[in-house]
Amino acid sequence: MRTLGLGLGLGNNRVTIQPPGFAQLGMWVNASRQPLGVTQTWTDLTGLGHSPTQATVGRRPTNTANTGPGGGLPSMQFVAANINNLQLLNALIGTTNFTIAIIGKVTSTASVQSFVSVGTTANGIVLGVDINASSARDFNANGVVAVSDTTSLATTSWESWVLNSDASGNLTLMVNGVAHTPSPASATCAAPSAFLTLGAASAGSEALNGGLYDSAVWTVAQNNNAGIYQFHHKITNGAL
1460 MRTLGLGLGL GNNRVTIQPP GFAQLGMWVN ASRQPLGVTQ TWTDLTGLGH SPTQATVGRR
1520 PTNTANTGPG GGLPSMQFVA ANINNLQLLN ALIGTTNFTI AIIGKVTSTA SVQSFVSVGT
1580 TANGIVLGVD INASSARDFN ANGVVAVSDT TSLATTSWES WVLNSDASGN LTLMVNGVAH
1640 TPSPASATCA APSAFLTLGA ASAGSEALNG GLYDSAVWTV AQNNNAGIYQ FHHKITNGAL
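Going by the numbering used here, the letters in the sequence shown line up with residues 1460 to 1699, in that order.
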């Protein structure tokens, strides 16, 4: 039985908070549960051993104190020029019926960037920022922009993103507790068996300038975007 959780200090008390649907998680990483410093392996908190890693020293991100949501939490910092990223050679998900969530922030919108990708840019799922659409939030499915808004993404704000794909491939995207408009088009992840990457797309393209505080992948659709956002709200002490 998996019982790991995130211990948060509240005054003199500590509480353990788990993501909703913990038993169906395929991967969960959190900067507060990771040692500070240059990171070769970001430890998976599910107990399944699905920890994304980076073998190349110069491409490793850095878990940095006081850079996370609210200013008092750490975050995993990625530098696009260094192609910082962490990869898991297991996509964890099928073509449909999954949920992916991140707490992320960009520090620059000077290029196309990815918070998380599954598979390749041509045959997978990418959540990130599209400089070609006014530096807007961007979700790609199999090389096609499934949703992209027209509001430039602030470089000062952390955001909670929750993407849910039901068994039929119907997609919903929630940003900071609000359903994203327009809604993503229905899509399937064409090549989910490839790999999962944090901080870039496949082969290190679309590298991230910014940070990740939390990332999770559920191998079964949770259909609970609001509940996952509430989890994000709690673990950031209300900073989102």
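Note that CB positions come from ideal geometry on N, CA and C, so glycine has one too.
Check whether the Cβ atoms of residue i and residue j sit closer than 8 Å, and answer yes or no.
| i | j | result |
| --- | --- | --- |
| residue 1700 | residue 1680 | Residue 1700 is absent from the structure shown; the chain starts at 1460 and stops at 1699. |
| residue 1518 | residue 1549 | no |
| residue 1539 | residue 1671 | no |
| residue 1559 | residue 1575 | yes |
| residue 1687 | residue 1479 | yes |
| residue 1541 | residue 1624 | no |
If contacts are defined as beta-carbon pairs under 8 Å, then residue i and residue j qualify, I think. What distance do you get, rounded to the angstrom?
| i | j | result |
| --- | --- | --- |
| residue 1659 | residue 1573 | 6 Å |
| residue 1657 | residue 1676 | Wrong, their Cβ atoms sit about 10 Å apart, outside the cutoff. |
| residue 1635 | residue 1586 | Not quite, the Cβ-Cβ distance comes to about 14 Å (not below 8 Å), so this is no contact. |
| residue 1684 | residue 1621 | 4 Å |
| residue 1678 | residue 1483 | 6 Å |
| residue 1665 | residue 1571 | 5 Å |
Thinking just about the alpha-carbon of each residue, which of the options is nearest to the one in residue i?
| i | options | result |
| --- | --- | --- |
| residue 1492 | 1505, 1481, 1482, 1480 | 1505 |
| residue 1496 | 1692, 1532, 1533, 1522 | 1522 |
| residue 1509 | 1694, 1531, 1485 | 1485 |
| residue 1507 | 1633, 1531, 1481 | 1481 |
Below 8 Å CB to CB, which residues in the same chain sit around residue i once its five sequence neighbours on both sides are set aside?
| i | result |
| --- | --- |
| residue 1512 | 1499, 1500, 1501, 1545, 1546, 1547 |
| residue 1494 | 1522 |
Looking only at its own chain, which residues have a Cβ that is under 6 Å from the Cβ of residue i, when we skip the five neighbours before and after it?
| i | result |
| --- | --- |
| residue 1515 | none |
| residue 1564 | 1617, 1669, 1670 |
| residue 1691 | 1562, 1619, 1699 |
Cutting at 7 Å between CB atoms, please list the residues of its own chain near residue i, excluding the five before and the five after it.
| i | result |
| --- | --- |
| residue 1520 | 1498, 1535, 1536, 1537, 1543, 1545, 1658 |
| residue 1696 | 1529 |
| residue 1487 | 1478, 1503, 1504, 1505, 1675 |
| residue 1693 | 1476 |
| residue 1682 | 1623, 1625 |
| residue 1689 | none |
Please confirm if residue i has its CB atom under 8 Å from at least one CB of chain D.
| i | result |
| --- | --- |
| residue 1624 | Annotation note: the requested chain D is absent from the structure, which comprises a single protein chain. |
Within the region 1483-1521, note down every full beta strand (DSSP E) run reaching 3 residues or more, in order along the chain.
1484-1489
In chain order, which continuous runs of the beta strand (DSSP E) of length 3 or greater are located wholly inside the region 1535-1574?
1545-1547, 1557-1565
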